[in-house]
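This report concerns only the one structure given below.
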Amino acid sequence: MMTQKRQSIPRTLWMLLGAALLLRLVLALVTEGYPYDMSCFVAWGDKLAAQGPAAFYSEGYFADYPPGYLFVLGLVGLIRGVFSIPYESPLTYLLLALVPSLCDCAAAWLVWHVGEELRPGSRIPLLLAAFTAFNPLLLFDTGVWKQIDGAFALPLLGCFWRLERRRYLPAAFWYGVALAIKPQALLFGPVLAACFLADIVQEENRFRAFGRCFGGAAVALVAPLAAGIPFYGFKDLIPSLLEKYVGTMSGYPYASINAFNWLTALGGNWKPLTDTAPFGVSWHTLGWFLILVVTGGLVFFAVRSVRSGHFSTLLLAAYYGLGVFTFGHCMHERYMVPGVLLALLAAVRWNDIRLYAAGFGMSLTGFINLATVYSLAGTEDEWLSSATSSTVAILVGLAETVCFVMLLFAVWDIALHGHALALPERARSEDSVPAEQPRWLRWEGLAMLGLTLATAVLSFSYLGDTTAPQNPLDATGTVLSETVTVEGMAVNLWVYPGISFGGSLTVADEQGNVLLTQELGYSTCFSWSENRLPVSAGQTLTVTVENAQLFEMSFRDGDGNLVAVTGGGALFDEQAEGPETISQLNSMYFDEIYHGRTGYEQLHKLPVYETTHPPLGKDLIMVGIALFGMTGFGWRFSGTLFGVLLVPLAWCFARRLTRKRWIGAVAGVLLALDFMRFAQSRIATIDIYGTFFILLGAYFMLWYCQSVLQKGVGGSLLPMALGGVAFGLGCAAKWTGIYAGAGLAILYLGVLYARWRQKKPGFWQEFRLAAVGGVLFYVLLPLCIYIASYLPYWWRDASFSLADWWQCQVSMYEYHSNLEATHPFESRWYTWLVGLRPVWYYQNTHLSEGLKASIAGLGGPVIWLAGLGCLVDLLWHQVSSRGSRAGAGVLILYGTQLIPWMLVTRCTFLYHYFPSSMFCLAAIALVLSHIRRESLARRIGAGLCVVSLVLFVCYYPALSGLPIPAWWAEALECLPSFGFY
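For the sequence shown, our numbering begins at 581 and goes up steadily by one.
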């Protein structure tokens, strides 16, 4: 049995490494790389291929890399030249990423090899090798950024593993290879020195030890010197290499160069070294002081570990590499890559979960660091100077420092006492058949109904006016005029336009003098505007409307009171329907001017304006308008209803996921009080529908998976079919529903694997049924639903065909893939995790002095922040072999909803994270269910609900547009990146 197990591990390992390599190469093909590094690498390769090494380092030419890796770049340039591969070609990206990708996989193999050598037959080496292979930091660095850190880190790993085995001369050779590739290898020089000195202390034959020391120094110089000869020749070799290494190391005189570390957390990113740091000294002085402290720690740990008999070069290298990155000055964002790999190698060497946790944490912080810098390259914020990006840098820098402190404790414990905290050898056991769901009790149903009704009252209150002008003067494609006589003194003219594709409004007096001209475009529809227009009593005016709808106009005196008029036709026939004040209650805001307008157009069989998303969401907005008229309440009704229904759906999802009634109640309360659910459901846009159907599809998939493990595929056709319906509706509401489909597919296939492991008879019959059901319910049925969402197009134009439908899809894709628009409140995916940049939807400019009113799309602090922590906890349990099927499912649903946004380069907003936040809530529910003391878990759940309620009350004005005193509004902007008042 053991022999079979030992033989299967390499096969599994090679499958993992092959998948990791393929993933890197795919990422390389579909992403463009960090532009500054890419342009250098391509230009260097082309020059080397064209002119040869001797002419490469020409005077005035920028090339800050030593010769070691230039041979690879030259080969890439040669291949590109032979096959005429252009710079922008994905093949160029693939060629640049190929060698580092192979080196990443070799590093993962080394992690497995070290662990297997020390603990043969253990699961731990394969576990850590898998994490190394799919490490998000390495995936991004190699596959997306297309840097060569994998090629640089691999010889460093080989060096310190050889030192761990006291193979000093081979270790020195590998160190020289790393030094030939990048001068950052010099940062690890003190560790190398400490290892050779420790050998002198421990070796009885001191002469032999000194010989190894000096021999190692000579061997370490072989690779850099050999690589430099073709470039510099023999005569100028050493002076030129010294100049290159010194110049590169001193080329960026800043406290931090986009490295999210302790100095960045103190505000030192891109601060000149001569500037004053927070402690009254220069950044240069502070950086050197901290490096000396870290170096002193290296000496301390080396001496004490030699005395205790627990000397470990891997441990010291991980400590020093990450310590210098955390506290040193002039650090770049990628300098942590070798340290993270060394931490993982040390973790497998010592089988210590703390070292693994530190490597895990720094992998996440490093990944966010690289993603932040990469996404802002070439933008106005590439120096990370905005409030949002600087806050990200500070928070991630603090998190990275905490991870280093965790590693420090582990190094202390191991180096001084030889005490390691072992990783769990076996995965957490789970029953092959899940437990039955608890039956619904009467009080539970009533409680859920009561919460739903309370949420409805909260959500529908102060939503929008139920009356508005409904009969327009329709001058679309023509010019129409009306004459009106004002019966009293007027100061302002309020205007309520309708549909317009680029029209205008003109007001003239009896002499033909133009008193007012207003453009009527896409942004003015169904929104009251106020125009300064003093008019005397009895004055007659002519109003001309060109190529637009205009629903109503009203003259107002200085106090805002309605002034009576005579005549005016359709422009003044619904004076009683006008509002007392202009606000969001009677006017569209943000993207309502697209989606709400389109709902109206579909209802009235007009040409639709918004075609950049599938129509189902706008179909549902149309239903609300049909029921309640084209009013603020009408165009927001359907979205608000779906926002209310999200609450019982979340209750049921959490209850089914955890099999605990009280956790379902906690989830329902938390979502009822969530900022994003409240604000996003009360605006006539389509995101609420996509989010609802995504969660509904996840609920049915959860039901299906549990049912398959209990009853088999044949007994699970109902949730299978309902899941397909929900998936189709989600896709028809917004294409983000397709992202969810990836997660559903993984779970659909995963439960079949779990069913196979149950070893029940008749599995292949079930497999065939699942295959047919998958095609029927998750391909054909969703396609039919998606096509059916275009029925309003056919109602308007009976000639609308499948060819026209397909052209709509092509048009949507081209719009989103080519969109280059920017927005002051756009945000990147990594800022969504903690809700740093809300979307400012609306500002009321018609208030008396001292009052403010705004509406912002904010992330709910409890669900988003606590959920993020719970997701990290679930992920850590999964990668440390202590996870569960439910935890894996939540992470898959969350990841497949978020990860596609990491590759999106167009303008994005915080509300794009709304569907992902549903699985933050699921993570909270799952973590609460894992707490062993249920009384403690209940108190934590109740505490989260109380905090949510307090925060909701405080922020209700910013979510609803309720006018409040200025001091209150200013207090709500607790982060510099908020800015919504």
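Where a beta carbon is used, it is the ideal one built from N, C-alpha and C, also for glycine.
Helix, strand or coil for residue i, going by three-state DSSP, please let me know.
i	result
M829	helix
R1136	strand
I1263	coil
G1295	helix
N1398	helix
R1241	helix
S862	strand
I1173	helix
I665	coil
A710	helix
A1079	The amino acid at residue 1079 is misidentified as Ala; the sequence shows Ile. In this structure, I1079 counts as strand in the three-state DSSP scheme.
Q1286	helix
T1316	helix
T1065	strand
Q1017	coil
I1511	coil
T579	Residue 579 is absent from the model: the chain starts at 581 and stops at 1561.
A1128	strand
D1199	helix
L1121	strand
P1404	coil
Looking only at DSSP bridge pairs, what is residue i linked to?
i	result
I1435	Y1422
I728	Bridge partners of I728: none, in fact.
N1093	For N1093, which the question treats as bridged, DSSP gives no partner whatsoever.
Q539	With the chain covering 581 to 1561 only, the question about residue 539 has no answer from this structure.
A979	Answer by DSSP bridge pairing: none, since A979 is not bridged.
L1033	Answer is none; L1033 lacks a bridge partner.
R836	In the sequence on display, residue 836 carries Ser and not Arg. Per DSSP, N849 and M911.
L1073	N1111 and F1135
L719	L719 is not bridged to any residue.
T856	S862
Under 7 Å Cβ to Cβ from residue i, same chain only, skipping five residues before and after it: list those, please.
i	result
T1035	V1224, V1227 and A1252
K624	With the sequence shown as reference, residue 624 is identified as Trp, and Lys is not the correct amino acid for it. Within the same chain, W624 has close Cβ partners A643, L650 and L653.
T1220	S1039, F1040, L1043, S1261 and R1262
E1024	R1241
K585	Because K585 sits at a pLDDT of 44, beneath the cut-off of 50, its placement in the model cannot be relied upon, and the following sentence gives the value as read from the coordinates. Cβ within range, chain order: G701.
K627	F636
H1457	G1463 and G1467
Answer with buried or exposed for residue i, where buried requires no fewer than 16 other C-beta atoms within 10 angstroms of its C-beta.
i	result
L843	buried
Q587	Low local confidence applies: a pLDDT of 42 at Q587 is under 50, so the model's placement there is unreliable, and no value is given.
S681	buried
H1193	buried
L1636	As shown, the chain starts at 581 and ends at 1561. That puts residue 1636 outside it, with no answer to give.
Y667	exposed
I761	buried
Y834	buried
M582	Residue confidence is low: M582 scores 40 on pLDDT, short of 50, so the model does not pin down where it sits. Its coordinate-derived value is still stated next. Burial call: exposed.
H568	As displayed, the chain neither begins before 581 nor continues past 1561, which places residue 568 out of reach and without an answer.
I780	exposed
R934	buried
Y1333	exposed
Y641	exposed
M595	exposed
Ignore the nearest five residues each way along the sequence and tell me which others in residue i's own chain have a CB closer than 6 Å to its CB.
i	result
W1202	Position check: residue 1202 holds Met in this sequence, whereas Trp was assumed. Only G1179, Q1182 and L1183 meet the Cβ criterion.
L1508	I1243, A1517 and G1521
L821	G808
A1322	T1476
W1283	P1299
L1438	F1255 and P1418
Check the Cβ-Cβ distances between residue i and every residue of chain B, and say whether any is below 9 Å.
i	result
M942	Note that chain B does not occur in the displayed structure, where there is just one protein chain.
Task: Within the segment 1427 to 1488, ranges of the alpha helix (DSSP H) (whole runs, at least 4 residues) - done: Listed in chain order, they are 1447 to 1459 and 1465 to 1482.
Open item on the list: My parser needs the alpha helix (DSSP H) runs of 4 or more residues fully inside the segment 1323 to 1392; what are they?
Closed with: Whole alpha helix (DSSP H) segments, 4+ residues: 1343 to 1355, 1361 to 1368 and 1371 to 1376.
- [ ] Can you check the segment 908 to 955 for any beta strand (DSSP E) of at least 3 residues that lies completely inside it and give the ranges in chain order?
- [x] Runs of beta strand (DSSP E) with 3 or more residues, each lying fully within the segment 908 to 955, are absent.
TODO: Scan the segment 587 to 637 and note each continuous alpha helix (DSSP H) run of 4 residues or more that stays entirely inside, going in chain order.
DONE: Those alpha helix (DSSP H) runs which fall completely within the segment 587 to 637 and span 4+ residues are 615 to 631.
- [ ] With a floor of 4 residues, list each alpha helix (DSSP H) that falls wholly inside the segment 1139 to 1196, ordered by position along the chain.
- [x] Entirely contained in the segment 1139 to 1196, the alpha helix (DSSP H) runs reaching 4 residues are, in chain order, 1172 to 1183.
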